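Written out below as structure tokens is the structure these notes cover.
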Amino acid sequence: MASIHAAAADDSDDTDIDAVIEQLANIPVDPPSKRQLCDKCSRPISVCWCSFLPIAPLNIKSKLIILQHPSEEKRCLRTAKILELSLAAGRCKVVKGKKFTFNKNAELRDIVANPEKTLLLFPSADSLDLTNLDLTVPYNVVIIDGTWSQARAMYNSSPDIQTFTKVEINVGKPSNYVIRTQPTEECLSTVETAAITLSHLENNPNIYEILTKPLQALCSFQLKHGAVHHFSKEYLILNGLYNKPITRKIKKKLRKHEDIKSYIR
Ligand SMILES: [Zn+2]
């Protein structure tokens, strides 16, 4: 879901990078006519991330339920699919829709038997911090997959899911890496949100690494294939990514850790 990391991303200086990677994710790698799709992830073979999935799906004690906005499925990255393919059978369910009720959605009805053990990842005034939960019991984890405005609309039109215990991730605590690899508010946070939540609930940091590996592979692939030219020259120089000669003046400024803006053409 978009909202979990949004505030922290805004606070960082990575906003531009996020926007760039979102654009990148939309760059077709092959001409459309030549695109052959992977049977498993439905992505073009050239950008399939299936080889980065865990060899054996992860068996976790939590159960993940992803409430997916219908337009999310059409998005470029579809990271919920990573979760579906990475977690053991029955541990991850994707339910598509805009309104959810216990009557209509059997997956939700099943977990209602233990409402106190069902968490809804949704930041609000009365959300609990993920890290304050009792970890001795298994949880059902409900994540809304959509942009922030879609997620809010889905929440507002689904009174039944409002009865779940709302939980939020305090992004100040996990590493910066989480934010840095989050390409956009809209596209990528579902898998990261799930990865952070599950690794905490299962008390296993490896889960985060395993679940986000296909995402990292995808980001680095996109960066290798044209991402770099979207960054400003200043950004590239400052990050050691500029592969053309730079002037002596700029080198001198860099050595002194001084501003190079006015020397860049
Ligand atoms: Zn694939």
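In my numbering, the protein residues as written are 1 to 265. All C-beta atoms in this analysis are idealised placements derived from N, C-alpha and C, irrespective of residue type, glycine included. None of the values given here were measured: they were computed from a predicted structure.
With burial defined as no fewer than 16 other Cβ atoms inside 10 Å of the residue's Cβ, what is the status of residue i: buried or exposed?
{"i": "isoleucine 55", "result": "exposed"}
{"i": "glutamate 72", "result": "buried"}
{"i": "histidine 257", "result": "exposed"}
{"i": "arginine 43", "result": "buried"}
{"i": "glutamate 209", "result": "exposed"}
{"i": "lysine 252", "result": "exposed"}
{"i": "aspartate 145", "result": "buried"}
{"i": "asparagine 103", "result": "exposed"}
{"i": "serine 149", "result": "exposed"}
{"i": "lysine 93", "result": "buried"}
{"i": "serine 62", "result": "buried"}
Return the CA-CA distance between residue i and residue j, expressed in angstroms with no decimal places.
{"i": "arginine 109", "j": "serine 220", "result": "40 Å"}
{"i": "arginine 248", "j": "glycine 97", "result": "58 Å"}
{"i": "tyrosine 81", "j": "phenylalanine 100", "result": "In the sequence on display, residue 81 carries lysine and not tyrosine. Taking the straight line joining both Cα atoms gives about 20 Å."}
{"i": "glutamine 36", "j": "tryptophan 49", "result": "14 Å"}
{"i": "asparagine 105", "j": "leucine 67", "result": "10 Å"}
{"i": "serine 199", "j": "threonine 131", "result": "11 Å"}
{"i": "asparagine 206", "j": "leucine 58", "result": "11 Å"}
{"i": "proline 245", "j": "isoleucine 196", "result": "41 Å"}
{"i": "leucine 133", "j": "alanine 88", "result": "24 Å"}
{"i": "valine 112", "j": "threonine 212", "result": "29 Å"}
{"i": "glycine 90", "j": "leucine 238", "result": "46 Å"}
{"i": "lysine 261", "j": "asparagine 243", "result": "18 Å"}
Does any heavy atom of ligand 1 sit closer than 8 Å to the C-beta of residue i?
{"i": "lysine 40", "result": "yes"}
{"i": "arginine 78", "result": "no"}
{"i": "arginine 43", "result": "yes"}
{"i": "cysteine 50", "result": "yes"}
Have a look at the options and flag the residue whose alpha-carbon is nearest the alpha-carbon of residue i.
{"i": "threonine 193", "options": "Leu121, Leu85, Leu53 and Glu202", "result": "Leu121"}
{"i": "leucine 64", "options": "Pro138, Ala151 and Asn170", "result": "Pro138"}
{"i": "leucine 128", "options": "Gln150, Val167, Ile250 and Pro214", "result": "Val167"}
{"i": "alanine 151", "options": "Ala89, Tyr263 and Thr190", "result": "Thr190"}
{"i": "threonine 165", "options": "Val141, Leu119, Ser149 and Val112", "result": "Leu119"}
{"i": "leucine 53", "options": "Leu238, Leu215 and Glu234", "result": "Leu215"}
{"i": "arginine 78", "options": "Lys40, Leu135 and Pro159", "result": "Lys40"}
{"i": "proline 70", "options": "Lys61, Val95 and Ser62", "result": "Val95"}
{"i": "serine 51", "options": "Leu85, Leu238, Ala113 and Met154", "result": "Leu85"}
{"i": "aspartate 160", "options": "Ile250, Leu218, Glu202 and Val142", "result": "Val142"}
{"i": "proline 123", "options": "Ala153, Asn170, Asn140 and Lys117", "result": "Asn170"}
{"i": "lysine 117", "options": "Ser157, Leu135 and Arg255", "result": "Leu135"}
{"i": "isoleucine 60", "options": "Asp259, Ile264 and Asn204", "result": "Asn204"}
**Prompt:** At which residue ranges does the segment 69-138 contain complete alpha helix (DSSP H) runs of 4 or more residues, listed in the order of the chain?
**Reply:** 80-86 and 106-111
**Request:** With a floor of 3 residues, list each beta strand (DSSP E) that falls wholly inside the segment 133-170, ordered by position along the chain.
**Result:** 140-145 and 165-168
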